[in-house]
Amino acid sequence: MTEGPPHLDNDVDTTDTQLTLHRPLEQLDEPRRDAVARWLIAHDIDPGRVALDAPIQRDETTFSLAWREQTDEGLVVHRVFPAVTKDDHWPAPFPEELRRSAPVDHPRANVAHG
Numbered sequence: 182m183t184e185g186p187p188h189l190d191n192d193v194d195t196t197d198t199q200l201t202l203h204r205p206l207e208q209l210d211e212p213r214r215d216a217v218a219r220w221l222i223a224h225d226i227d228p229g230r231v232a233l234d235a236p237i238q239r240d241e242t243t244f245s246l247a248w249r250e251q252t253d254e255g256l257v258v259h260r261v262f263p264a265v266t267k268d269d270h271w272p273a274p275f276p277e278e279l280r281r282s283a284p285v286d287h288p289r290a291n292v293a294h295g
């Protein structure tokens, strides 16, 4: 899969395969907060426990999803490989609301990811 250009901002960074929250979900503006919450819930991820600054990684090739959860004991890494058919499209793409291109002069546009 070809990775598109990242959308970088102060709250959420997204690519085709990664979504990283930099602020708690409740601090995002309503359209993005709702879109992220719906996507997380649809993939059985507790929106209130997603670790900040740690990517949620989706892989359509292996039908897998990985994320870090903040618990009272620290970070827990989750990797899910559910039983799906080859015709399924899981995990779903990240919400389109988050996939818009970032401005070139954006303060996080030169941050290295990888």
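Residue numbers for the sequence shown follow our numbering, so the first one is 182 and each next one is one higher. For each residue, glycine too, the CB sits at the ideal point set by N, CA and C.
**OP:** Compare the C-alpha of Thr198 against each of Thr243, Thr252, Leu256 and Arg230 and name the closest.
**Re:** For this step, residue 198 is matched to residue 17 along the sequence shown. Residue Thr243 holds the alpha-carbon nearest to the alpha-carbon of Thr198 among Thr243, Thr252, Leu256 and Arg230.
Original post:
Given that a residue counts as buried once 16 or more other Cβ atoms are within 10 Å of its Cβ, and exposed if not, what is Ile237?
Top reply: In the sequence shown, counting from the first residue as 1, residue 237 sits at position 56. Flag for Ile237 reads buried.
**OP:** Could you have a look at Pro248 and say whether DSSP puts it in helix, strand or coil?
**Re:** Residue mapping note: residue 248 aligns to position 67 of the sequence shown, counting from 1. Before going on, a small fix: residue 248 reads as Trp here, not Pro. Strand, per DSSP.
Original post:
Would Leu256 be called buried (16 or more neighbouring beta carbons within 10 Å of its own) or exposed?
Top reply: Counted from its first residue, the sequence shown places residue 256 at position 75. The residue in question, Leu256, is exposed, as its Cβ has fewer than 16 Cβ neighbours within 10 Å.
Original post:
Quick one: what's got a C-beta closer than 6 angstroms to Thr201's C-beta in the same chain, skipping five residues either side?
Top reply: The residue labelled residue 201 in the question sits at position 20 within the sequence shown. Counting only Cβ-Cβ distances below 6 angstroms, and skipping sequence neighbours, we find Asp194 and Pro236.
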